[in-house]
Each structure stands twice: as structure tokens, then as C-alpha cells.
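J.: According to my numbering, the sequence shown is numbered sequentially starting from 20. Idealized CB from N, CA, C, for every residue including glycine. Here the structure is a predicted model, which means the values were calculated and not measured. The structure's right below; bear with me while I get my questions together.
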Amino acid sequence: MGPVSVVLPSDSFITSGGRVTQHPGCVPDWGAGKDGVGRSKAIVLGDTKFNWSSTNAFNVIQSVGNRSYEDSPSIELVRPIEQVQYYGAVYKCRYVYIISDQELVVMRLHLPPSHVRTSPRPQRTRPPPS
């Protein structure tokens with residue numbers, strides 16, 4: 020068995036998200052796509068989350084019933100799911116995934132036939148360098 024990038028068709032690739040830059044400011048950790056004239060077209064996008072559990076995230080979503088989980092104290096557990104859904108909506112990719120140190124979660128999105136406006140992803144805040 021060879022490396023994945025070797026066995027893919029010559030116009031396809033798997034790479035870090037930096038190569039999948041159709042939408043500046045929306046750069047996933049990982050991407051697979053097809054080379055095109057000008058920019059490459061993303062087919063699937065993913066993100067890496069260390070020490071993250073999909074079970075905990077889905078428990079937060081399911082625990083609120085018909086209410087919004089936005090008010091849950093554990094909302095940060097759900098953010099990775101929202102993040103890859105955002106990537107899928109912006110890039111119009113049906114498949115997105117999250118890789119953690121424990122699991123691979125693949126999601127199939129149901130995208131509308133026309134463009135839907137999405138709200139921008141919250142900016143990450145980092146403490147100033149010391």
C-alpha cells in the first residue's frame with residue numbers, strides 16, 4: 020500500500036488547509052481537493068482537535084432537548100462541530116471531519132442548492148506575548 024497522495028488521481032491531493040484557500044480567512048487544518056485553473060477546489064475539509072471527544076460534544080447537544088445549547092456551560096465542546104460545519108458551508112463541501120487523538124469523526128452535510136449567508140466564525144483570542 021502506497022501513500023494516499025500517490026494513489027490518488029493526478030489532479031487530486033490531500034494537504035494541510037493552507038493549500039485550500041478559496042476563501043481567505045477560512046482556512047481549515049486539512050483539505051483534500053482537485054487542482055483547478057487558478058485555485059484548487061476543496062472536496063473534503065477537516066480540523067484537528069487535541070483532547071476532544073465527540074461523545075461529550077454530542078451529549079451537550081442532546082442534553083438540552085428543544086432548547087439552544089448556546090447557553091450551556093459546556094458550549095466549547097460543541098465548537099469544533101460548528102467549526103467544520105462552517106467550513107463545509109463556506110466551501111460548499113458535503114463532507115467534513117474532525118481528527119482528535121482518540122477518534123475520527125466524519126460528517127455528511129446537507130447543503131442547500133443556493134448560497135446561504137453564514138455568520139463569521141468567532142475570532143480566536145490569544146493572550147499577548149510576554
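Tell whether a beta-carbon distance below 8 Å holds between T76 and V63.
T.: Residue mapping note: residue 76 aligns to position 57 of the sequence shown, counting from 1. Residue mapping note: residue 63 aligns to position 44 of the sequence shown, counting from 1. Sequence inspection shows Ala at residue 76; the Thr mentioned does not correspond to that position. Not in contact: A76 and V63 (Cβ atoms no closer than 8 Å).
J.: CA-CA distance, V83 and H42?
T.: Taking the sequence shown and counting its residues from 1, the one referred to as residue 83 is at position 64. Taking the sequence shown and counting its residues from 1, the one referred to as residue 42 is at position 23. Each residue's alpha carbon lies about 33 Å from the other.
J.: Give me the residue from D120, D48 and V124 with the minimum Cα distance to N70.
T.: If you number the sequence shown from 1, residue 70 lands on position 51. Selected option, being the one with the closest Cα: D120.
J.: Could you check if K68 is buried or exposed, using at least 16 other CB atoms within 10 Å of its CB as the buried criterion?
T.: Along the sequence shown, one-based indexing puts residue 68 at 49. Buried.
J.: Counting only the same chain and skipping the five closest in sequence on each side, list residues whose C-beta sits under 7 Å from that of E122.
T.: Stepping through the sequence shown from its first residue, residue 122 is reached at position 103. Within the same chain, E122 has close Cβ partners S73.
J.: Where does V115 sit, in a helix, a strand or coil, going by DSSP?
T.: Locating residue 115 in the sequence shown gives position 96, where the first residue counts as 1. Strand, per DSSP.
J.: If you check the beta carbons only, do V97 and V79 fall under 8 Å apart?
T.: As a working mapping, residue 97 is identified with position 78 in the sequence shown. As a working mapping, residue 79 is identified with position 60 in the sequence shown. A contact, by the Cβ cut-off of 8 Å.
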